[in-house]
Amino acid sequence: ADCNGGQGGGGGGGGEHGDEGREDGEKWEKQDVPNQVSGPSDQDQQAQADQTQEAMPLEGSTQQQGTGMKMQDDGQEAQEEVPAGWSRDGDGKLKPIKGEIIAVDFNASGSSSLQDRFRNFRLNKMKSQRQEAINSKKKQEERQDPAKMQELRQMFIDRCKSYYGVPYAKKYHQPDSELYNSKKFLDCCGLVRQVLRDMKNELGFSPGPWNQAYQFDTLPVRYETWQEMKPGDLVFAEGEYVKPGMKPQPGNIVHVEVFLGGGTEGKSVCGARWNSGVVQEFDSYEFAAKSWSLTRWHFCSIDTWLTGVCKSFNPDRKWKRKQQWVPGSRSIFHAEEEEDEMAEDELDEQAEEGSGLSSRAGRRFFVSDPMKYRTVVEALASKGWHQITMKDAENLNFDLKWTETLVEVDLARFRNNEQIVNHIPTRFPLSNFNKLIKTLRSRDRQIMREHKKSEEGAFSSSSSSPSSSLITSDKFVPQVFDVTLSTDRMHLIQILEEGEQNDSWVLKSAGGSQKTIISSDRDALLDSLLKRSAGPDKKGYTMIQKHIADPLLLQDRKFAIRCFVLIPQTFPAFKILFHTGLCCSALKSYSRDLLEEEVQDPFLGFRVGDASFARTWKQAEEALAQEGAIPRGWFDDQLKEQLETICRETFCAAKNDLSRVRGYFELFSVDFLVDSSLKPWLLRVGSNKHLSADVPELRQELFNIVSDALEIVLELNEKTKVEGKSPAMEEMEQLRKSSFKVLLEE
Numbered sequence: 008a009d010c011n012g013g014q015g016g017g018g019g020g021g022g023e024h025g026d027e028g029r030e031d032g033e034k035w036e037k038q039d040v041p042n043q044v045s046g047p048s049d050q051d052q053q054a055q056a057d058q059t060q061e062a063m064p065l066e067g068s069t070q071q072q073g074t075g076m077k078m079q080d081d082g083q084e085a086q087e088e089v090p091a092g093w094s095r096d097g098d099g100k101l102k103p104i105k106g107e108i109i110a111v112d113f114n115a116s117g118s119s120s121l122q123d124r125f126r127n128f129r130l131n132k133m134k135s136q137r138q139e140a141i142n143s144k145k146k147q148e149e150r151q152d153p154a155k156m157q158e159l160r161q162m163f164i165d166r167c168k169s170y171y172g173v174p175y176a177k178k179y180h181q182p183d184s185e186l187y188n189s190k191k192f193l194d195c196c197g198l199v200r201q202v203l204r205d206m207k208n209e210l211g212f213s214p215g216p217w218n219q220a221y222q223f224d225t226l227p228v229r230y231e232t233w234q235e236m237k238p239g240d241l242v243f244a245e246g247e248y249v250k251p252g253m254k255p256q257p258g259n260i261v262h263v264e265v266f267l268g269g270g271t272e273g274k275s276v277c278g279a280r281w282n283s284g285v286v287q288e289f290d291s292y293e294f295a296a297k298s299w300s301l302t303r304w305h306f307c308s309i310d311t312w313l314t315g316v317c318k319s320f321n322p323d324r325k326w327k328r329k330q331q332w333v334p335g336s337r338s339i340f341h342a343e344e345e346e347d348e349m350a351e352d353e354l355d356e357q358a359e360e361g362s363g364l365s366s367r368a369g370r371r372f373f374v375s376d377p378m379k380y381r382t383v384v385e386a387l388a389s390k391g392w393h394q395i396t397m398k399d400a401e402n403l404n405f406d407l408k409w410t411e412t413l414v415e416v417d418l419a420r421f422r423n424n425e426q427i428v429n430h431i432p433t434r435f436p437l438s439n440f441n442k443l444i445k446t447l448r449s450r451d452r453q454i455m456r457e458h459k460k461s462e463e464g465a466f467s468s469s470s471s472s473p474s475s476s477l478i479t480s481d482k483f484v485p486q487v488f489d490v491t492l493s494t495d496r497m498h499l500i501q502i503l504e505e506g507e508q509n510d511s512w513v514l515k516s517a518g519g520s521q522k523t524i525i526s527s528d529r530d531a532l533l534d535s536l537l538k539r540s541a542g543p544d545k546k547g548y549t550m551i552q553k554h555i556a557d558p559l560l561l562q563d564r565k566f567a568i569r570c571f572v573l574i575p576q577t578f579p580a581f582k583i584l585f586h587t588g589l590c591c592s593a594l595k596s597y598s599r600d601l602l603e604e605e606v607q608d609p610f611l612g613f614r615v616g617d618a619s620f621a622r623t624w625k626q627a628e629e630a631l632a633q634e635g636a637i638p639r640g641w642f643d644d645q646l647k648e649q650l651e652t653i654c655r656e657t658f659c660a661a662k663n664d665l666s667r668v669r670g671y672f673e674l675f676s677v678d679f680l681v682d683s684s685l686k687p688w689l690l691r692v693g694s695n696k697h698l699s700a701d702v703p704e705l706r707q708e709l710f711n712i713v714s715d716a717l718e719i720v721l722e723l724n725e726k727t728k729v730e731g732k733s734p735a736m737e738e739m740e741q742l743r744k745s746s747f748k749v750l751l752e753e
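Given below as structure tokens:
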């Protein structure tokens, strides 16, 4: 039966009465409604009517159309059962009862209801929060270990230093200024806040968005004097603003800086101090501010933060965010409170001002050892780059990668057209001492062949001219022998038998590290040589080199010069750039009788925070001139040119063995020793030596070298990508600004 009225057929049960069975616009829901009470569509009704006209009535029964009734065999009308929530009108048609609430199960055929799912969600959320609390407690206990706290403290210091060069605020710079377009701006409290947010995974918390007064309240451990502080602790200034009407800070805490403990008096700090300045290191925390007058200094320990605790310990000041609604702890919507991304600094409204983008803003870099390559981190951070984690680097989410070894670079996945890495895959003819000697010997043989042809007149005016340089490696590399080669062994034995008893020799490994043997006992030295003749010993000392017995001394100590050679790219063009470097002295006075070369190693001066052991190029020249060891100006007038020549010949000898692929560059260190006759000798070529120093002047010089090198590499790669070819070095703006000199361009 059609409860909404059929079409066609008998005249009494037409669509008029069917429309009365439901009201237009009425909204209702139904549950378990039988199929016979479902209103068919117009198409279904028409099809049913057509079938009714063609079909013959069944024998023994008649169909009363439009009444919702059937005639039984005995002629009595049979009323069909009315579903719950429905009723029949006067014509016997079904219609829903108005105002009655009908329960609806949207998942009647499923295994769980919507309520069950909400309940399970809430239980899982509570379980997850309990587990997070347990893990947090365990991590907090681990952080209380003194060794772990010291590790976090050093990490805190390194992160602070990584922001050297970041400007204070945008509004204090002109639009045409380079700092105006900086990606990031950090004031005094902004620096501390940013570092804490960088370390939120290590510390277990992210700080609130408030300024230095809030940071002061979260550090309850305080000292009476600055001498009690450790590097990484904070120095807060309490004072009053000079400008009338300026709102005072909570507790009158107006400034904060990070204590480093260096400088001339051990009071050095780092931070953002001046409006138009940048994050940098200062010799002392004591200074006279322009905007506030000092009341007193506060010296606070960061041990509380290092143990994973960051909350206000001041009951008189409440640090809370304004929120319209906070879900209760039992609410299914309750979750951990998210930290605001933008700082709400009331002093200078830095959050609104620091949105400028530089041409390279937002780029990502990864450094495998931030301590060893501290200057790399500082240089890139000062340009607005973002340092990423190991996980991001493994996912290739970087623009530049600086690693210690080539093994740390996934060459198979490296996108050399988009990314840059600080290694040339086949650099070993330079950085490996054994292969360097072989490379130079091969170059010597080529020079001699060309020289011989030149003497025989083999070159005509139209043919290629021989090498303009006839400087063979024996003119700048101390005599060296490979004990794994029989010809070298025989030659060395002959020299030992004919040489002077007091000659000394140096054993060198493939990496260029050395160990001295004093050959006062020639038989003992020959015995040592024979033991190594079968191949490399367990330490890899396979090269024997004559020791320079009469080095030029600086304050009675042997010293060495470390220069830098940059190969900014090998494809589509090959270029070699040179930079004068640094000078370091041995820790003890020189004596030929010392049996341990380590105590005379001049490169230990790089790792000693004493200006008497490590100097810049100009400082070393001045010190030697004062002693009368060299004439004034000799470094720049004569020595520099000799070092450039040696570096050019050495790197040109290996250029054909280096990979010619886009995206690779390398900054090499080249070490020299000068003898008493003022003749420079090449000691070794290094890849990825320490680019950090404890002496402030040396650290600044290293920063300048690394920063200039990176600027040249970045500009060269950008122009190559845009122009499709490598630009001439004379067109390089960053090269003109730097102290690098072009040795070769092809």
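Under my numbering, the letters of the sequence shown match residues 8 to 753, in that order.
Think of the CB as a built atom: it goes at the ideal place given N, C-alpha and C, for glycine as much as any other residue.
All values derive from a computational prediction rather than experimental measurement.
For residue 93, the enclosing beta strand (DSSP E) covers residues 93-95. When the alpha-carbon of residue 489 is set against those of 99, 441, 500, the nearest one is in 441. Within its own chain, the residues whose Cβ lies closer than 7 Å to the Cβ of residue 662, once the five positions on either side in sequence are excluded, are 581, listed in chain order. The C-beta distance from residue 270 to residue 163 rounds to 19 Å, too long to fall under 8 Å, and the pair is not in contact.
In the DSSP assignment, residue 205 falls within the unbroken alpha helix (DSSP H) covering 195-205.
Going by DSSP, residue 703 is part of the alpha helix (DSSP H) stretching over 703-730. Taking C-alpha positions only, residue 685 is separated from residue 753 by approximately 32 Å.
Taking the Cβ atoms as the reference, residue 391 lies roughly 6 Å from residue 189, within the contact range of under 8 Å. Judged by beta-carbon spacing, residue 264 lies within the 7 Å limit of residue 242, meaning their Cβ atoms are closer than that value. Fewer than three Cβ pairs drawn from the stretch 647-660 and the stretch 551-565 lie within less than 8 Å of each other, which leaves the two stretches out of contact. Counting the other CB atoms within 10 Å of its CB gives residue 104 a total below 16, which places it among the exposed residues. Under DSSP, residue 623 forms a beta bridge with 589. Measuring C-alpha to C-alpha distances from residue 175 to each of 724, 195, 376, 167 identifies 195 as the nearest. In the three-state reduction of the DSSP assignment, residue 569 falls in the strand class.
A Cβ-Cβ separation of about 16 Å leaves residue 275 out of contact with residue 284 under the 8 Å criterion. Scanning its chain for C-beta atoms nearer than 7 Å, with the 5 sequence neighbours on each side dropped, one finds around residue 700 the residues 613, 621, 706, 709, in chain order. In chain order, 258, 259, 260, 261, 301, 302, 303, 304, 305 place their CB closer than 8 Å to the CB of residue 245, counting only its own chain and leaving out the 5 sequence neighbours on each side.
Between the stretch 402-422 and the stretch 733-750 there are fewer than three inter-stretch CB-CB distances shorter than 8 Å, so the stretches are not counted as touching. The residue from 589, 595, 584 with its alpha-carbon nearest to that of residue 563 is 595. In the DSSP secondary-structure assignment, residue 287 is bridged to 278. In this model, residue 438 and residue 503 are separated by some 29 Å (Cα to Cα). Annotation: the stretch 382-415 contains the following complete segments of the beta strand (DSSP E) (minimum length 3 residues), in chain order: 407-409.
Residue range 241-248 is occupied by the beta strand (DSSP E) that includes residue 241. The alpha carbon of residue 226 has as its nearest neighbour, out of 187, 321, 386, 550, the alpha carbon of 321. Each residue's CA atom was taken as its position, placing residue 309 and residue 211 some 14 Å apart. Looking at the DSSP output, residue 307 sits in a beta bridge with 229, 241. Counted as a single uninterrupted DSSP element, the stretch harbouring residue 180 is not any alpha helix (DSSP H), since DSSP gives it neither H nor E.
Boundaries of the beta strand (DSSP E) harbouring residue 687: 687-694, taken from the DSSP string. The Cβ atoms of residue 510 and residue 480 do not sit closer than 7 Å to each other. Under DSSP, the beta-bridge partners assigned to residue 262 are 244. Around the CB of residue 575, 16 or more other CB atoms lie within 10 Å, so the residue is classed as buried.
DSSP, read as helix, strand or coil, puts residue 576 in coil. Following the DSSP letters along the chain, one finds residue 371 inside the beta strand (DSSP E) bounded by residues 371-374.
Shown here, residue 434 sits in coil according to DSSP, grouped into three states, outside any helix or strand.
By the Cβ criterion, the stretch 726-737 is not in contact with the stretch 676-695, since fewer than three pairs of Cβ atoms, one from each stretch, lie closer than 8 Å. Beta-bridge annotation (DSSP): residue 489 is paired with 550.
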